[in-house]
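Residues 0 to 204 in numbering that gives the first Met the number 0 are what the sequence shown spells out, letter by letter.
Every residue gets a Cβ at the ideal spot worked out from N, C-alpha and C, and that includes glycine.
Below is one structure, written out as structure tokens; comments come after it.
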Amino acid sequence: MATFIAKQPEINLTEAEAIGQAKEGVAAAFECLYQAHCRWVYNLCLRMIKNPTEAEDLTQQVFLQLFRKISTFRGESGFSTWLHRVTVNIVLMYLRRRKPAEVLAEDLEGRTSNGEGSGEQGSSDTSMIGAIERLNLMRAIRKLPCGYKQIFLLHDVIGYEHSEIAGLLGCSTGSSKSQLHKARKRLRCLLQGEPGRAEASVAAA
């Protein structure tokens, strides 16, 4: 269970005042910002990671980054928008460090435990075929270029819509759709044992 329960700050500061004082290194101002935003930062991490313990660790990393980078906040966008971008970047860096197979496996395990995508109960043949297909897919995902892999994970594994991905990555919705289409096309080539066609699909991108 998450431990991030927002409390009322002990000091009465507006967000703008807290940001200004945090830039000057006032610890109480950082605490004020933490208490105001920790819950939704944790929820965003949890949505992307689907693991409460990892989401808690990532939330701590976000606020450590906030401590280091608060001076770079210029107020050109809302603070929540800026913090959202910081959070997403940290989670995406974490996902890139992990093997895509691990991310996909956890998602598939969750779906199976909920009864999604399962065949007839007790069918060992169906289970074996499914396991082989997942293993092949995991291997193919590892071979995707970073950009394709990132959008594939965000859309097909984590479940973001293209409009959300566009906001997260700073690209257009059309670009997100195009990259996902190319990622799926390359995966099909890889899974069908046609690496030459897969390479050609990337070269033509």
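Q. Whose C-alpha, out of Lys142, His180, Leu186, Leu32, is nearest the C-alpha of Phe62?
A. In the sequence shown, counting from the first residue as 1, residue 62 sits at position 63. Among Lys142, His180, Leu186, Leu32, the Cα nearest to that of Phe62 is on Leu32.
Q) Between the C-alpha atoms of Arg141 and Lys148, what's the straight-line distance to the nearest angstrom? A) Numbered from its first residue, the sequence shown carries residue 141 at position 142. Numbered from its first residue, the sequence shown carries residue 148 at position 149. So the alpha carbons of these two residues sit roughly 8 angstroms apart.
Q. What does a CB cutoff of less than 8 angstroms around Ala182 pick up in its chain, not counting 5 residues either side in sequence?
A. Here residue 182 is taken as the residue at index 183 of the sequence shown, counted from 1. Non-local beta-carbon contacts of Ala182 in its own chain, meaning distances under 8 angstroms to residues more than five positions away in sequence, involve Leu143, Tyr147, Lys148, Ile150, Phe151 in chain order.
Q: Note down the Cα distance separating Leu186 from Arg96, rounded to an integer number of angstroms.
A: As a position in the sequence shown, residue 186 is number 187, starting the count at 1. As a position in the sequence shown, residue 96 is number 97, starting the count at 1. Approximately 21 angstroms between the Cα atoms of the pair.
Q: Thinking Leu45 and Ala54 are a contact (beta carbons under 8 angstroms), I'd like their distance in whole angstroms, please.
A: As a working mapping, residue 45 is identified with position 46 in the sequence shown. As a working mapping, residue 54 is identified with position 55 in the sequence shown. The C-beta distance from Leu45 to Ala54 rounds to 4 angstroms, short enough to fall under 8 angstroms.
Q) Is Cys170 helix, strand or coil by DSSP? A) For this step, residue 170 is matched to residue 171 along the sequence shown. Coil at Cys170, not helix or strand.
Q | Rounded C-alpha distance that separates Ile18 from Leu190 | A | Taking the first residue of the sequence shown as 1, we reach residue 18 at position 19. Taking the first residue of the sequence shown as 1, we reach residue 190 at position 191. If you draw a straight line from the Cα of Ile18 to the Cα of Leu190, it is about 50 angstroms long.
Q: With a 10 Å radius around its C-beta and 16 neighbouring C-beta atoms as the bar for buried, classify Thr13 as buried or exposed.
A: Counted from its first residue, the sequence shown places residue 13 at position 14. Thr13 sits exposed, since fewer than 16 C-beta atoms from the chains shown fall within 10 Å of its C-beta.
Q. Does the beta-carbon of Ser145 have 16 or more other beta-carbons within 10 angstroms, so that it is buried, or is it exposed?
A. On the sequence shown, residue 145 is found 146 positions in, with the first residue counted as 1. With the sequence shown as reference, residue 145 is identified as Cys, and Ser is not the correct amino acid for it. With fewer than 16 Cβ atoms within 10 Å of its Cβ, Cys145 is classed as exposed.
Q) Does the distance from the C-beta atom of Met47 to that of Ile157 stay below 8 angstroms? A) Translated into positions along the sequence shown, residue 47 becomes position 48. Translated into positions along the sequence shown, residue 157 becomes position 158. In contact: Met47 and Ile157 (Cβ atoms closer than 8 angstroms).
Q: Alpha carbon to alpha carbon, how far is Glu75 from Arg84? Give it in angstroms, no decimals.
A: In the sequence shown, counting from the first residue as 1, residue 84 sits at position 85. In the sequence shown, counting from the first residue as 1, residue 75 sits at position 76. Answer to the nearest angstrom: the Cα atoms are 13 angstroms apart.
Q. Would the beta-carbon of His154 fall within 8 angstroms of that of Leu179?
A. For this step, residue 154 is matched to residue 155 along the sequence shown. For this step, residue 179 is matched to residue 180 along the sequence shown. For the 8 angstroms CB-CB criterion, His154 and Leu179 form a contact.
**Q.** 6 angstroms Cβ shell around Tyr159 - same chain, five flanking residues per side excluded
**A.** Against the sequence shown, residue 159 aligns to sequence position 160. When the five nearest sequence neighbours on each side are left out, the beta carbons in the same chain lying within less than 6 angstroms of the beta carbon of Tyr159 are those of Leu153, in order along the chain.
Q.
On a Cα-Cα basis, can you pick out the residue from Thr58, Ala27, Ala28, Phe66 that is closest to Lys41?
A. To locate residue 41, count along the sequence shown from 1; it is residue 42. Checking the sequence shown, residue 41 turns out to be Tyr, not Lys. Residue Thr58 is the option with its Cα nearest to Tyr41.
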